[in-house]
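Visitor:
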Amino acid sequence: MNTRKYVKGIARLLPEWSWNIDLRKPLTSFNPTKIEEHREQKETEPVYSVFDYNAAGYEEKKQVAFEDCTQYITSGRVTWINVDGIKKSEVEKLCNHYGVHHLLVEDIISIGQRPKMEDAGEVIFCLLPMLYYNVNTGEIESEQVSILLGKDFVISFQEDPKRDVFDPVRERIRIGTSRLRSRTADYLCYSLIDIIVDSYFGIIEKINDRIERLEDILLLHKREQATLSRLSILRREVMVLKRSISPVKELVQGFIKSDSDLLEFEHEKYYKDVLDHITLANEYVENHRDMVMNLQDLSMSQINLRMNEVMKVFTLLATLMAPATVIGGIFGMNFDVIPLAHLQEGFYVTVGLMLIIPLLMLIYFKRKGWF
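Adding 1073 to a residue's 1-based position in the sequence shown gives its number in my numbering.
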């Protein structure tokens, strides 16, 4: 789901929120249930898929009913339930079955939550953004992914199945010799978080390509005005990327610092590897932000430099015309006795002075290197 469209939809439901609001009057017409109604309109019917596996084998089922999801969780096997589509009633039913606290349920169904990790005792809950680069609009879109880790099970919630990035994890489950098949549920949780974090680098690479193209346009083609607006848009997208992935570092650190029995000590090194990846991603984004700001400064500097060049030409022309203006003003005064006024050659002498003096000034300016 596009978070921006969702927020715009909420804004349309609150017409009384405006700059002209009178703070002395209560918003008696505001109805909080409108937000809930809007969220229900955005809900989609969930699609359940299940992986149940251990080192000996695996079972995979797609588009199963809710009742079929609950029968797989058995001791000695790891069950992964993936839910594509968020519907409040279905999320509550599934979470209630596994004893998930209602506050965590609210986090799952509420869009736009800050990435976080919470140890709720019997389960560990985390949510983080899954990012996509829209090549048509050039914007970064995101959806919220929620993950529940319990004893021998992992439940993941996604908004849009078309943007799923978990296929590499599914392929590893299908391979009997993969490390994932012989590990516990927390390793599966790590694998899901790791694949999401790795997908950030694809977005970062596309942002880097856009920065390089704009840099070439700015330096080689001197199109400052056209580039400046595109740089502003790109800077906004970089800030969106930074705000999205920066808190993920705290999430991963939460797994490393946790002393929950659901997390195996031997898997801590894998979460530290994810921490290295998200730290690197944050550094890339910070570098890209600095690059965009530097390009904006360069663009403004080039615009100012070109403006200065234009003003320099105008100033030079005005300076060269100044002697002619002074001479014309002197000989145009209404006095009876003016030198050269009654001579036959007076006009030619005056015009000659008007031409010779600017020419001498031009030679002087050239030798001084002023143009």
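Even glycine gets a Cβ: it sits at the ideal position worked out from N, Cα and C. Nothing here was measured: the structure is a model prediction, and the numbers come from that model.
For P1202, name the three-state secondary structure that DSSP assigns.
Guide: For the purposes of this step, residue 1202 is identified with residue 129 of the sequence shown, where counting begins at 1. Note: P1202 maps to strand in three-state DSSP.
Visitor: From E1140, G1149, K1160 and Y1145, pick the residue whose C-alpha is nearest to that of E1116; which is it?
Guide: Counted from its first residue, the sequence shown places residue 1116 at position 43. The residue with the shortest Cα to Cα distance from E1116 is K1160.
Visitor: On the premise that I1329 lies in contact with L1348, defined as a C-beta separation below 8 Å, what is that separation, rounded to the nearest angstrom?
Guide: The residue given as residue 1348 occupies position 275 in the sequence shown. The residue given as residue 1329 occupies position 256 in the sequence shown. Yes, L1348 and I1329 are in contact; Cβ-Cβ is about 7 Å, under 8 Å.
Visitor: So if DSSP puts G1223 in a beta bridge, which residue, or which two residues, is it bridged to?
Guide: For the purposes of this step, residue 1223 is identified with residue 150 of the sequence shown, where counting begins at 1. Answer is F1226, bridged to G1223.
Visitor: Going straight from the alpha carbon of L1433 to that of L1304, what length do you get?
Guide: Position 360 of the sequence shown, counted from the first residue, corresponds to residue 1433. Position 231 of the sequence shown, counted from the first residue, corresponds to residue 1304. Computed Cα separation, rounded: 46 Å.
Visitor: Since E1133 is in the beta strand (DSSP E), which residue starts that stretch and which ends it?
Guide: One-based indexing of the sequence shown puts residue 1133 at position 60. Taken as a continuous stretch (DSSP letters only), the beta strand (DSSP E) holding E1133 covers Y1131 to V1137.
Visitor: Am I right that V1321 and I1351 are in contact with their C-beta atoms under 8 Å? What's the rounded C-beta distance?
Guide: Here residue 1321 corresponds to residue number 248 of the sequence shown, with the count starting at 1. Here residue 1351 corresponds to residue number 278 of the sequence shown, with the count starting at 1. The pair is a contact, with the Cβ atoms about 5 Å apart (cut-off 8 Å).
Visitor: Would you list the residues sitting across from E1216 in a DSSP beta bridge?
Guide: Mapped onto the sequence shown, residue 1216 falls at position 143. Its beta-bridge partners are M1203.
Visitor: Could you give the DSSP three-state label for D1180: helix, strand or coil?
Guide: Working through the sequence shown from its first residue, we reach residue 1180 at position 107. D1180 falls in the helix class under three-state DSSP.
Visitor: Does any residue of chain B have a CB that is nearer than 8 Å to the CB of C1199?
Guide: The displayed structure is made up of one protein chain only, and chain B is not part of it.
Visitor: In three-state DSSP terms, what is K1235?
Guide: For the purposes of this step, residue 1235 is taken as residue 162 along the sequence shown, with counting starting at 1. Note: K1235 maps to helix in three-state DSSP.
Visitor: With a threshold of 8 Å, are at least 3 pairs of Cβ atoms found where one atom belongs to the region 1253 to 1264 and the other to the region 1160 to 1176?
Guide: With the cut-off at 8 Å, the region 1253 to 1264 and the region 1160 to 1176 do not touch.
Visitor: What is the DSSP secondary structure of F1444, counted as helix, strand or coil?
Guide: In the sequence shown, the residue the question calls residue 1444 occupies position 371. Here F1444 sits in coil by DSSP.
Visitor: For F1239 versus I1268, is the C-beta distance shorter than 8 Å?
Guide: Taking the first residue of the sequence shown as position 1, residue 1239 is located at position 166. Taking the first residue of the sequence shown as position 1, residue 1268 is located at position 195. Cβ atoms of F1239 and I1268: closer than 8 Å.
Visitor: Name the DSSP beta bridge partners of M1190, please?
Guide: Working through the sequence shown from its first residue, we reach residue 1190 at position 117. In the DSSP output, where bridge partners are listed per residue, M1190 has C1199.
Visitor: Comparing C-alpha positions only, which one of V1386, K1235 and S1264 sits nearest to I1445?
Guide: Within the shown structure, residues of the chain are numbered from 1074 to 1444, placing residue 1445 beyond reach of any answer.
Visitor: Could you name the residues of the same chain whose beta carbon sits closer than 7 Å to that of V1242, not counting the 5 residues immediately before and after it, in chain order?
Guide: As a first step, residue 1242 is located in the sequence shown; it is residue number 169 there, counting from the start. Within the same chain, V1242 has close Cβ partners S1264, L1265 and I1268.
Visitor: Quick check: what's the CA-CA separation for I1184 versus I1248?
Guide: Here residue 1184 is taken as the residue at index 111 of the sequence shown, counted from 1. Here residue 1248 is taken as the residue at index 175 of the sequence shown, counted from 1. The straight-line gap from Cα to Cα measures roughly 35 Å.
Visitor: Below 7 Å CB to CB, which residues in the same chain sit around Y1145 once its five sequence neighbours on both sides are set aside?
Guide: Start at 1 with the first residue of the sequence shown, and residue 1145 comes out as number 72. Contacts found: V1123, D1125 and T1152.
Visitor: Compare the C-alpha of P1119 against each of I1154, N1207, K1441 and F1198 and name the closest.
Guide: Reading the sequence shown from its first residue, position 46 is the one you call residue 1119. Answer by Cα proximity: I1154.
Visitor: Which ranges does the beta strand (DSSP E) cover as unbroken runs of at least 3 residues, wholly within the region 1359 to 1400, from first to last along the chain?
Guide: Fully enclosed beta strand (DSSP E) runs of 3 or longer: not present.
Visitor: Do the region 1195 to 1202 and the region 1214 to 1230 touch if we need at least three Cβ pairs shorter than 8 Å?
Guide: The region 1195 to 1202 vs the region 1214 to 1230: in contact.
Visitor: For H1340, tell me which candidate among V1325, M1384 and D1192 has the shortest Cα-Cα distance.
Guide: Mapped onto the sequence shown, residue 1340 falls at position 267. When only C-alpha atoms are compared, the closest one is V1325.
Visitor: Compare the C-alpha of E1389 against each of G1405, Y1205, V1365 and I1436 and name the closest.
Guide: For the purposes of this step, residue 1389 is taken as residue 316 along the sequence shown, with counting starting at 1. Per the sequence presented here, residue 1389 reads as Leu, with Glu not at that position. L1389 has its Cα closest to that of I1436, out of G1405, Y1205, V1365 and I1436.
Visitor: Quick one: using the 10 Å Cβ neighbour count with 16 as the cut-off for buried, is E1418 buried or exposed?
Guide: Taking the sequence shown and counting its residues from 1, the one referred to as residue 1418 is at position 345. By the 10 Å Cβ count, E1418 comes out exposed.
Visitor: With a threshold of 8 Å on Cβ separation, who are the neighbours of Q1186 within its own chain once the five nearest residues in sequence on each side are excluded?
Guide: The count along the sequence shown starts at 1 and reaches residue 1186 at position 113. Closer than 8 Å at the Cβ level, and outside the excluded window around Q1186, lie D1180, L1200 and Q1217.
Visitor: Only counting the same chain, and skipping five residues up and downstream in sequence, which positions put a Cβ closer than 7 Å to that of C1262?
Guide: Position 189 of the sequence shown holds residue 1262. The answer, listed in chain order, is I1220, L1222 and V1227.
Visitor: Any idea what DSSP makes of D1141, helix, strand or coil?
Guide: Here residue 1141 refers to the residue found at position 68 when the sequence shown is read from its first residue. DSSP places D1141 in helix when its eight states are reduced to three.
Visitor: Going by C-alpha distance, which of E1191, L1167 and E1133 is nearest E1323?
Guide: The sequence position of residue 1323 within the sequence shown is 250, counting from 1. Answer by Cα proximity: E1191.
Visitor: Which stretch, first to last residue, makes up the beta strand (DSSP E) that contains N1281?
Guide: In the sequence shown, residue 1281 corresponds to position 208, counting from 1. No beta strand (DSSP E) contains N1281, which is instead part of the alpha helix (DSSP H) from A1258 to L1293.
Visitor: Relative to the C-alpha of I1277, which residue among L1307, T1300 and L1291 is closest?
Guide: Counting from one through the sequence shown, the residue named residue 1277 turns up at place 204. Taking only the C-alpha atoms, the option nearest I1277 is L1307.
Visitor: Determine the contact status of L1291 and L1368, defining contact as a CB-CB distance below 8 Å.
Guide: Walking along the sequence shown from the start, residue 1291 turns up at place 218. Walking along the sequence shown from the start, residue 1368 turns up at place 295. Cβ distance < 8 Å, so L1291 and L1368 count as in contact.
Visitor: Going by the beta-carbon positions, is the gap between K1315 and R1362 smaller than 8 Å?
Guide: For the purposes of this step, residue 1315 is taken as the residue at position 242 of the sequence shown. For the purposes of this step, residue 1362 is taken as the residue at position 289 of the sequence shown. Result yes, Cβ atoms of K1315 and R1362 sit closer than 8 Å.
Visitor: Rounded to a whole number of angstroms, what is the C-alpha to C-alpha distance between D1259 and Q1136?
Guide: What you label residue 1259 is simply residue 186 of the sequence shown in a count that begins at 1. What you label residue 1136 is simply residue 63 of the sequence shown in a count that begins at 1. For D1259 and Q1136, the distance between alpha carbons rounds to 24 Å.
Visitor: Out of curiosity, what's the CA-to-CA distance linking K1342 and E1163?
Guide: Taking the sequence shown and counting its residues from 1, the one referred to as residue 1342 is at position 269. Taking the sequence shown and counting its residues from 1, the one referred to as residue 1163 is at position 90. Distance between the alpha carbons of K1342 and E1163: 35 Å.
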